[in-house]
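Letter by letter, the sequence shown follows residues 9 to 910 of our numbering.
Following: one structure in structure tokens, then a few remarks.
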Amino acid sequence: MKFAYRFSNLLGAVYRQGNLNFSKDGNSVISPVGNRISVFDLKNNTSETLPISTTKNITCVGVSPDGNVAIVVDEDGAALLVSLITRAVLHHFHFHKPVSSLRFSPDGRKFVVTKGNVALMYHAPGKHREFNAFVLDKSYYGPYDETTCIDWTDDSKCFVVGSKDMSTWVFGAERWSNLIYYSLGGHKDVIVGCFFEKDSLDLYTVSQDGTLCVWESDTQLDGLILAKSKDKDRTTLTPGHEDQEVEEGEVIRGKPEVPKDEKRKTVRYKQISKHFFNKDGDFNNLTAAAFHKSSHILVTGFASGIFHLHELPEFNLIHSLSLSDQRISSVAINSSGDWIGFGCSGKGQLLVWEWQSESYVFKQQGHFNNMASLAYSPDGQYIVTGGDDGKVKVWNSNSGLCFVTFTEHTSSVTSVAFTSSGFVIVSASLDGTVRAFDLHRYRNFRTLTSPHPAQFSTLAVDVSGELVSAGAQDSFEIFLWSMQTGRLLEVLGGHESPVSCLCFSPVQSVLASASWDKTIRLWDMMDSWQVKETLHLTSDALSVAYRPDGQQLAVATLNGEISFWNPHTAAQTSSVSGRHDLETGRKDTDKVTAKQLAKGKSFTSLCYSADGESVLAGGLSKFVCIYNIKEQMLVKKFEISSNLSFDAMEEFLDRRKMTEFGSLALVDDGEGEDVHISLPGVRRGDMSSRHFRPEIRVSSLRFSPTGRSWAATTTEGLLIYSLDGSMVFDPYDLDLDVTPVSIRQQLRRQEWVAAIILAFRLNEKALKQEVLETVPHDQISVICASLPDIYVEKLLGFVAACLENSGHLQFYMMWAQNLLMLHGQKLKNRSAAILPTLQALQKSIQRHVDNLSKLCDFNMYNIRYAAALSRQRGLKRTAEDDDRVSEDMSEASSDAADMMML
């Protein structure tokens, strides 16, 4: 089995903090999720997380006008220049201070970064190779407090900067003689947004208290006059630092008043109107704003979850709706102005709303608390997760999006599982219920409860899907229900400590239960639910897992070991010590040494690989380990996160954080700026809220049934790691004579079997697909019959991979059918090894069945409608013809009567 697993996607989290951006075509949303960037394709309904990560959580993202590159900045000011085409990091840079906003100029030649009270203008990185991609052009000083927002004019001649000191500053990107800087007031709170009118210097400024000011300029953009180099005002440079122009660009310091000798020729602004959003007297902080210049639409988001759409400059209200009860953190509008993106960091929501049709284009929300458990469907298409927020979510592993959320649980969901059919999800919760959900009708059709209140911490479903078991963490009992009737069948007692994990054998009706009482008990479901075997351990059992063939049992214990047992003889076969592989990080508040801290770490989740040769283990650490069972050795270790915003990430404590009062993390420096101290008796605001750094941990692990990927629920979200076959050169039985030229010669001679064998020996995907699709369809059965046994499994796996994305459905289905029919008995003898390949084939077929069934149903209804419509028109036409014939007959009879009279 190969272990070239690479990070593939991030599910379970769609937005955390920072600003949203739309792609150039307006069909995709670029959203920061922790220290990663996710791209949501709204047209194809898919998501992709870029394989890049920053050292801390991302606070600011700037996308170039052509949509090719993006600049990503984290909390400390470390920046990455990322290519959105190749998904690669092009350049590293550090601004040395937190960055509040970043914006490219419309022509793509410059970008402005605001940090502290300074606005820095850089030359945008070009397409040619550069020693330094970020070259500082000018530094603009003006505001007295931190800057908050940026906007550019359409011709990139000027930009405007808003500040927390309630002022707005207009700066010239070039040295204009009549506009170097201009300061605007008029507000009584922090500036949230400042926007230029289309092709004009006119301004709109929005402040946090819900005030909109409309500013009119007495000069047009073409009225700006470029200053000559000899007329530069040297007084605007920093005194005594004339050499700064070479090292850090030109420095421009603005003053609130305009110099007296420049009053006549400088650009002047006049406030022409002032509008208020909080007209009802209920104070509501304005938290985000966006303006679409072509349609003159202003979108504002508030702390209460309400958003407004106004048409400017008349300030006509178009819409006023509420998304949720959480503050709207970010607002973005796509290039056409049809779609509006909203990000709510409180609940991790990302919504895209089409304001003209008043409908949602995209609506996703992750678990806003920790994830506790996950499970793959039998075909690997779906992943179900349960979280501490009491929600059960089902994700499509192909698109990466959640398509159904069940909210029936009233407390944390501790464990989830699929039944063998793949259409029923079972979940256990601390609210004392086990619920079964139907994926056909999306409903909770069964609720299983215990005779007395119990908090269920673990769950298992047998192979048939008939028996459901759940372990209680307070009564030390195991409850057994029937899925069909919902009746409680038995209460299994015997453990003397909380039950930590349950697992059914995949081949027989035997339940393995792990407990903190240092035992593993095997319960026989066929023999009156009696204890079949008891395995005694040296430490508390935390997790237990059966091998896919049911011939081995893996147990993770509190001392950091993984022991392997034979369930039939109750004998331990081997063990692996994993304490040193966890390499736990030090927390800021740790008071013990690293050596003593490592003694308390252990694996809390186990999972066998699809072929049963390896085991995947994770726990209270940022590492996930894969062990080879036969060799009892560590094969590979994955670092699931490099985000230093989490606690317990660094191996050593930082001496710079130690003060005379102890660690800085233990020093209470206040709650920050979001806490509003209210008068006694006022209920608004929570004075008991606490700020803490979440600790990185892995709560659950699962291998995909196809063996091509594995998933882990972590503090970051649901991480998917998959095999990257394109980067691995893996020839089979390669020889000097095996070349693409010789393979194509065999094709020209119509030696199909020889060509297929040579292609699989070279093992290049494009060449194998070319050979297979060149074979005539009437020769498939003959070729499959004469194919050597060693190539049957390889060809079947390749057919399963091609069938997933290819449009030649019948062609590849004929290959799969002939291989299974002609070599079925030989494949059956190797069922354990061939199982991942068969499951991959089933996943591909099932996906096409679902898509084609929907298409056929849609076409069938369209045909019925067309037939009914034509039938209705035919009846109408027949009636009209009958009327016309009767009229003709009456006219003919009247004419005949007239002739008779004549």
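Here a beta-carbon is modelled for each residue, glycine too, at the ideal position from N, C-alpha and C.
Values in this document were obtained by computation on a predicted structure and should not be read as measured data.
Extent of the continuous alpha helix (DSSP H) to which Ala952 belongs: Because the chain in this structure spans residues 9 to 910, residue 952 falls outside the shown range and cannot be described.
Bridge partner(s) assigned by DSSP for Ala298: DSSP output for Ala298 lists Val307 as bridge partner(s).
Unbroken beta strand (DSSP E) run spanning Thr441, endpoints: Element bounds for Thr441: 441–446.
Buried or exposed (CB count within 10 angstroms, at least 16 for buried), Ile93: The residue in question, Ile93, is exposed, as its Cβ has fewer than 16 Cβ neighbours within 10 Å.
Met821 - DSSP class collapsed to helix/strand/coil: Met821 falls in the helix class under three-state DSSP.
Coil, strand or helix - Ile336 by DSSP: Of the three classes helix, strand and coil, the one that applies to Ile336 here is coil, per DSSP.
Run of the beta strand (DSSP E) containing Leu229, from where it starts to where it stops: Boundaries for Leu229: no beta strand (DSSP E) harbours it, and the DSSP string shows neither H nor E there.
Cutoff 7 Å; reference Ser734; Cβ partners in own chain excluding five residues on either side: At Ser734, the pLDDT of 47 sits below 50, so the modelled position is not reliable; the number obtained from the coordinates is stated separately. Excluding sequence neighbours, Ser734 sits near nothing in its chain.
Per-residue burial, Cys68 [other beta carbons within 10 Å of its own, 16 or more giving buried]: Looking at its Cβ environment, which holds 16 or more other Cβ atoms inside 10 Å, Cys68 is buried.
Gly473 burial status per 10 Å Cβ neighbour count (16 or more: buried): Under a 10 Å Cβ-count criterion, Gly473 is classified as buried, with 16 or more other Cβ atoms of the shown protein chains found around its own Cβ.
Whole runs of the beta strand (DSSP E) within the region 424–487, excluding any shorter than 3 residues: 432–437, 441–446, 451–457, 464–469, 475–480, all fully within the region 424–487.
Cβ pair Val471, Leu456 closer than 7 Å: Not in contact: Val471 and Leu456 (Cβ atoms no closer than 7 Å).
Per-residue DSSP class, three states only, for Ala874: In the three-state reduction of the DSSP assignment, Ala874 falls in the helix class.
Under the three-state DSSP convention, the category Ser696 falls into: Legend: pLDDT at Ser696 = 49, less than 50; position of this residue unreliable, no value from coordinates given.
8 Å CB neighbourhood of Lys118 in its chain, flanking five on each side removed: Once the five neighbours on either side are set aside, the close Cβ partners of Lys118 are Phe112, Met129, Tyr130, His131, Ala132, Asp145, Ser164, Ala181.
Integer Cβ distance of Ala522 from Val552, believed to fall under 8 Å: Their Cβ separation, rounded to whole angstroms, is 4 Å, which keeps Ala522 and Val552 in contact under 8 Å.
Uninterrupted alpha helix (DSSP H) stretches inside the region 507–550 (no shorter than 4 residues): Taking only runs of at least 4 residues, no alpha helix (DSSP H) segment lies wholly in the region 507–550.
CB contact flag (Ala444, Leu467, <7 Å): No, they are not a contact pair.
Secondary structure of Asp251, DSSP reduced to three states: Summary for Asp251: the model assigns pLDDT 36, below 50, so the residue's position carries little reliability; its value from the coordinates is reported in the next sentence. DSSP places Asp251 in coil when its eight states are reduced to three.
Contacts around Val746, its chain only, beta-carbon distance under 7 Å, and the 5 residues preceding and following it disregarded: So the qualifying residues of the chain are Leu766, Arg769, Leu770.
Beta bridge counterpart(s) of Val761 as assigned by DSSP: For Val761, which the question treats as bridged, DSSP gives no partner whatsoever.
7 Å Cβ cutoff met for Cys915 and Lys282: Given that the chain is displayed from residue 9 to residue 910, the structure contains no residue 915 and the question cannot be resolved.
Cα-Cα separation, Ser332 to Phe487: Taking the straight line joining both Cα atoms gives about 39 Å.
Val749 classed as buried or exposed, judged by whether at least 16 other C-beta atoms fall within 10 angstroms: Counting C-beta atoms within 10 angstroms of its own C-beta, Val749 has fewer than 16 neighbours from the protein chains shown and is therefore classed as exposed.
Buried or exposed (CB count within 10 angstroms, at least 16 for buried), Gln492: Counting Cβ neighbours within 10 Å, Gln492 comes out exposed, since fewer than 16 surround it.
Given 8 Å, three or more beta-carbon pairs between the region 789–798 and the region 826–835: Yes, they touch.
Complete runs of the beta strand (DSSP E) confined to the region 627–669 [at least 3 residues]: Complete beta strand (DSSP E) runs here, min 3: 631–636, 641–647.
Whole-angstrom C-beta distance between Asp207 and Asp162, which should lie under 8 Å: Indeed they touch by this definition, with Cβ atoms about 5 Å apart.
Inter-residue Cα distance where the pair is Asp153 and Lys172: Answer to the nearest angstrom: the Cα atoms are 6 Å apart.
Under the three-state DSSP convention, the category Asp159 falls into: Here Asp159 sits in strand by DSSP.
Assigned exposure category for Thr581 - 16 Cβ within 10 Å defines buried: With fewer than 16 other Cβ atoms within 10 Å, it is exposed.
Pro748, DSSP secondary structure in three states: Here Pro748 sits in helix by DSSP.
Local conformation of Ser852 per DSSP, three classes: Three-state result, Ser852: helix.
Three-way DSSP call (helix, strand, coil) for Val120 in this model: The DSSP-derived three-state label of Val120 is strand.
Identity of the residue in Ser423, Arg701, Glu759, Ser428 nearest Ser613 by Cα: Nearest option by C-alpha distance: Ser423.
Span of the beta strand (DSSP E), counted from its first residue to its last, around Ala579: Note, Ala579: beta strand (DSSP E), 579–585.
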